[in-house]
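Trainee: Protein chains in written order, with the working numbering: chain A, -19 to 189; chain S, -19 to 189. In this text, a Cβ means the ideal position worked out from N, Cα and C, and glycines have one as well. The structure under discussion is supplied below as structure tokens; questions concerning it will follow.
Protein chains: 2
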Amino acid sequence: MNYFRSRIVIVEDNDAVREGFSLIINSISNYYVVSTYDNAEDAIDGLKKDKPEIIIMDLELPGMSGIEAITAIKKLNPGIEILVNTIYENSELVFQALCAGASGYITKNTNHTELLTAIKEVIQGGAPMTSNIAKMVVKSFQRNPNSPISARETEVLELLAKGKSYSMIAKDLFITKETAKSHIKNIYAKLQVNSKSEAIAKATRDKLI
Amino acid sequence: MNYFRSRIVIVEDNDAVREGFSLIINSISNYYVVSTYDNAEDAIDGLKKDKPEIIIMDLELPGMSGIEAITAIKKLNPGIEILVNTIYENSELVFQALCAGASGYITKNTNHTELLTAIKEVIQGGAPMTSNIAKMVVKSFQRNPNSPISARETEVLELLAKGKSYSMIAKDLFITKETAKSHIKNIYAKLQVNSKSEAIAKATRDKLI
DNA sequence: ATAGAATCCCCCAATATGGGTGATAGTTTA
DNA sequence: TAAACTATCACCCATATTGGGGGATTCTAT
């Protein structure tokens, strides 16, 4: 009977939310909530018996954090899709979750229809995200338009960040080593740093490269 | 009359698609197609008079490419939101478009309702993406699970990619410089490279860091 | 038990780095 | 138009870094 229904596990420490989700999801014939947990440790212990296709995971959990749980679960079984459902729209957490292996990230202001749509999208190999989250993700690809460094300096900085030496940079840009060095000196002055690693760190933080 | 309607410009070289979009968008009272173009150059020339809030942009254009156009438009007026609408689902192009400053990326198999939803999302500060595109974007945050290098080596490699020296890496990881060096030697052997920049390049390409 | 992982040690030559102090020519902007 | 910024190149110098070579030990999985 349940063989063709997607097996879903819910990890959520709020009892009401957990129960509510179960009811909604089980009301759809394609889905089947095999287990629910109020903490990550138990959810991980139950993986072998639950064999979920999808885990709906809260991030604010007692004990092991949601991020650690995602990492652990993906390590044990990379095939399991994890859909994050949390109140947090903090960018650090979003990127940590995606880097750890989350397939989607929806915030808790989404209604039941949207939750079900998100589950469907995950099953179909998509990556559902709340509008705010999608915006943050797309923005992360884009550069700071108020960069203090010039276009040429940015080119130099990019090569520096790729681990190239002064002479390699010079060769790549068809300039002399001295010119590359000169650019780097100016970059250091503008970024108020005095080493390669500091420059790369600052440039990365400020999205200059 | 049109003062409160979002000003939209369409850049699309297929006449039928361009006309079709105009009709659909103009049928919605909140939107107003101020101009349509079949090439990027004319669209850029028309920016001052059109004053669009949103540009719906095809990527396959005669002359200037869509990517170049996005870069140019964002440079002239960073406030304009650009929604890419193309047949291409090629990952290179997707990331180029997003890096250039696109706010959304929808493929041409989307229907009219979805197009209008995407426009609405862009206006509301979101980042609409077709399911496939969202998946590619999310995947880009995730690491290769078949990394040939160990966890510790990965840590070392990450620090190396941040421009740190052997001794800085050693300090960060509470090991000696010799150990850091030893890890790096092993990394080079495994990645079949023999320099920092090659290692970083390969690690980045293969998503090992 | 063998392989890999992580740790540490020494030697050495070549290269890279960062700071200093310049110069010239072009472009942009106030 | 003048001042500011940009891009280019040069030389000096001391120190740090890198990559290659040779090892070794301990622990942990398979």
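Can you pull the chain A residues whose beta carbon is under 9 Å from the beta carbon of S:Ala141, in chain order?
Mentor: Under the 9 Å cutoff, chain A gives Ala141, Lys142, Gly143, Ile180.
Trainee: Identify, in the order they occur along the chain, each residue of the same chain with its Cβ nearer than 7 Å to the Cβ of A:Ile38, setting aside the five sequence neighbours on each side.
Mentor: As written in the sequence, residue 38 of chain A is Asp, which differs from the Ile given in the question. The residues are Val(-9), Glu(-8), Asp(-7), Gly46, Asn65, Thr66.
Trainee: Along the chain, where does the alpha helix (DSSP H) that runs through A:Arg(-13) open and close?
Mentor: It is not in any alpha helix (DSSP H) - A:Arg(-13) instead sits in the beta strand (DSSP E) that spans -14 to -9.
Trainee: Using CA atoms only, rank isn't needed, just tell me which of S:Gly43, S:Ala107, S:Asn57, S:Cys79 is closest to S:Lys193.
Mentor: The shown model of chain S, from -19 to 189, leaves out residue 193 of chain S, and the question about it has no answer.
Trainee: Which runs of the alpha helix (DSSP H) fall wholly inside the stretch 93 to 122 of chain S and span at least 4 residues, in chain order?
Mentor: Segments of the alpha helix (DSSP H) lying fully in the stretch 93 to 122 of chain S: 111 to 119.
Trainee: Measuring only the C-alpha atoms, how far is A:Ser175 from A:Tyr168?
Mentor: For A:Ser175 and A:Tyr168, the distance between alpha carbons rounds to 7 Å.
Trainee: Express the C-alpha separation of S:Gly0 and S:Ser127 in angstroms, rounding to a whole number.
Mentor: Going from the Cα of S:Ser127 to the Cα of S:Gly0 covers about 48 Å.
Trainee: Grab the span of the beta strand (DSSP E) containing A:Val136 for me, first residue to last.
Mentor: Taken as a continuous stretch (DSSP letters only), A:Val136 belongs to no beta strand (DSSP E), being part of the alpha helix (DSSP H) at 131 to 141.
Trainee: S:Ile5: which of S:Asp18, S:Gly26, S:Ile35, S:Ala23 sits nearest, CA to CA?
Mentor: Of the listed residues, the one whose Cα sits closest to S:Ile5 is S:Ile35.
Trainee: Do S:Pro42 and S:Asn70 have their C-beta atoms within less than 8 Å of each other?
Mentor: No, the pair does not count as a contact, with Cβ atoms beyond the cut-off.
Trainee: Is it right to say S:Ala179 is buried, meaning 16 or more other beta carbons lie within 10 angstroms of its own, or is it exposed?
Mentor: Classification for S:Ala179: buried.
Trainee: For the alpha helix (DSSP H) that contains A:Val210, what are its first and last residues?
Mentor: The structure shown has nothing for residue 210 of chain A, since chain A only spans -19 to 189.
Trainee: Assign S:Thr184 to buried or exposed, taking buried as 16 or more other Cβ atoms, counted over all protein chains shown, within 10 Å of its Cβ.
Mentor: By the 10 Å Cβ count, S:Thr184 comes out exposed.
Trainee: Closest Cβ-Cβ distance between S:Met148 and chain A: below 8 Å?
Mentor: True, the Cβ-Cβ gap to chain A drops below 8 Å.
Trainee: Please work out which residues of its chain come closer than 7 Å, Cβ to Cβ, to A:Glu21, disregarding the five sequence neighbours upstream and downstream, and give them in chain order.
Mentor: Contacts found: Gly43, Met44.
Trainee: Along the alpha helix (DSSP H) that carries S:Glu61, what are the first and last residues, could you check?
Mentor: Here S:Glu61 belongs to no alpha helix (DSSP H); instead the beta strand (DSSP E) covers 61 to 66.
Trainee: Between S:Lys115 and chain A, is there a C-beta pair that is closer than 8 Å?
Mentor: Yes, because at least one Cβ of chain A sits closer than 8 Å to the Cβ of S:Lys115.
Trainee: Tell me which residue opens and which closes the beta strand (DSSP E) that A:Asn51 is part of.
Mentor: According to the sequence displayed, residue 51 of chain A carries Thr and not Asn. Unbroken run through A:Thr51 is the alpha helix (DSSP H), 46 to 56; no beta strand (DSSP E).
Trainee: Output, in chain order, the set of chain A residues within a Cβ distance shorter than 7 Å of S:Gly81.
Mentor: Here the neighbours are Gln122.
Trainee: Grab me the residues of A:Lys157's own chain with a C-beta within less than 7 Å of its C-beta, minus the 5 sequence neighbours each way, in chain order.
Mentor: Counting only Cβ-Cβ distances below 7 Å, and skipping sequence neighbours, we find Tyr146, Ser147, Ala150.
Trainee: Mapping DSSP to helix, strand and coil, what is S:Ile8?
Mentor: The answer is coil: DSSP assigns S:Ile8 none of H, G, I, E or B.
Trainee: Applying the 10 Å Cβ sphere with the 16-neighbour rule, what's the burial state of S:His163?
Mentor: The residue in question, S:His163, is buried, as its Cβ has 16 or more Cβ neighbours within 10 Å.
Trainee: Please report the distance separating the alpha-carbon of S:Pro125 from that of A:Glu72.
Mentor: Cα to Cα, the separation comes out at about 22 Å.
Trainee: Express the C-alpha separation of A:Ile99 and A:Asn10 in angstroms, rounding to a whole number.
Mentor: C-alpha separation (whole angstroms): 11 Å.
Trainee: If you measure beta-carbon to beta-carbon, which residues of the stretch 94 to 107 of chain A are closer than 8 Å to chain S?
Mentor: Cβ contacts with chain S come from Glu101, Gln104, Gly105, Gly106, Ala107.
Trainee: Quick check: the stretch 95 to 115 of chain A against the stretch 94 to 114 of chain S, are at least 3 beta-carbon pairs closer than 8 Å?
Mentor: Yes: at least three Cβ pairs fall under 8 Å.
Trainee: From the DSSP output, in three-state form, read off S:Val(-3) for me.
Mentor: S:Val(-3) falls in the helix class under three-state DSSP.
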